[in-house]
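K.L.:
Okay, here's the structure, questions in a sec.
Residue numbers (the UniProt record's numbering): 1 to 60.
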């Protein structure tokens, strides 16, 4: 079974903001900016997942 953890509002806001800015950069044809945003978004998501798994998996 999969366990879903609570997601903070800060993480949701950062992911939404980066996703919206990525879509805008693609529509305006700013390829270098889009690649930078994708790199930042993937790094942020990867860091968030890694930090959540190293906390010990405590459940409340």
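Idealized CB from N, CA, C, for every residue including glycine. The structure presented is a predicted model; accordingly, all values stated were derived computationally and were not measured.
Grouping DSSP H, G and I as helix and E and B as strand, with all else coil, what is residue 60?
P.N.:
Along the chain shown, read from residue 1 onward, the residue named residue 60 stands at position 60. With a pLDDT of 49 at residue 60, under the threshold of 50, the modelled position of that residue is not reliable, and the figure given next carries that caveat. Three-state DSSP puts residue 60 in coil, outside helix and strand.
K.L.:
Which residue marks the beginning of the alpha helix (DSSP H) containing residue 9, and which one marks its end?
P.N.:
Counting from 1 along the chain shown, the entry for residue 9 is found at position 9. First-last of the alpha helix (DSSP H) with residue 9: 9-27.
K.L.:
If we count the other Cβ atoms within 10 Å of its Cβ and call it buried at 16 or more, is residue 9 buried or exposed?
P.N.:
As a first step, residue 9 must be located in the chain shown, where it is residue number 9. Answer is exposed; the Cβ neighbour count stays below 16.
K.L.:
If we call anything under 9 Å between Cβ atoms a contact, is residue 34 one with residue 26?
P.N.:
Counting from 1 along the chain shown, the entry for residue 34 is found at position 34. Counting from 1 along the chain shown, the entry for residue 26 is found at position 26. Yes.
K.L.:
Contact criterion: CB-CB distance below 9 Å. Does residue 8 meet it with respect to chain D?
P.N.:
Among the protein chains of the structure shown there is no chain D, as only one such chain exists.
K.L.:
Under the assumption that residue 18 contacts residue 49 (Cβ atoms under 8 Å), give the Cβ distance between them as a whole number of angstroms.
P.N.:
Indexing the chain shown from 1 puts residue 18 at position 18. Indexing the chain shown from 1 puts residue 49 at position 49. The Cβ separation is near 15 Å, so there is no contact.
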